[in-house]
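Numbering of the sequence shown is given in my numbering, commencing with residue 147 and proceeding in unit increments. Even glycine gets a Cβ: it sits at the ideal position worked out from N, Cα and C. Worksheet for the structure shown next.
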Amino acid sequence: MDNTIGWESTYEIVKLLKAYHPEQVLDTISLNTLRDWILALPQFDDDPQLVNDRILQEILIEWIEENL
147 MDNTIGWEST YEIVKLLKAY HPEQVLDTIS LNTLRDWILA LPQFDDDPQL VNDRILQEIL
207 IEWIEENL
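Here it is as structure tokens:
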């Protein structure tokens, strides 16, 4: 079973980010920081060159919605 995730796995990325950064104030995160945190996730295995601001914004929006 493959436990790796990629850029399209937004919900899984958000769950992991919440676990690794539980106290983060979400409106203070830059997209560059978010990208770096995602790339640092042990389960993440995708091409860093494939990400763009739209993907990062979608992940951030989903993270914010998860915390409502």
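Counting C-beta atoms within 10 angstroms of its own C-beta, Val171 has fewer than 16 neighbours from the protein chains shown and is therefore classed as exposed. One alpha carbon belongs to Leu202, the other to Asn149, and they sit about 21 Å apart.
Boundaries of the alpha helix (DSSP H) harbouring Gln203: Asp199 to Glu212, taken from the DSSP string. Contact between the segment 173 to 180 and the segment 149 to 158 is absent, with fewer than three C-beta pairs closer than 8 Å. Going by DSSP, Ile184 is part of the alpha helix (DSSP H) stretching over Leu177 to Ala186. Within its own chain, the residues whose Cβ lies closer than 7 Å to the Cβ of Asp192, once the five positions on either side in sequence are excluded, are Gly152 and Trp153, listed in chain order. Beta-carbon to beta-carbon, Ile184 and Ile207 are separated by about 14 Å, too far to satisfy the 8 Å threshold.
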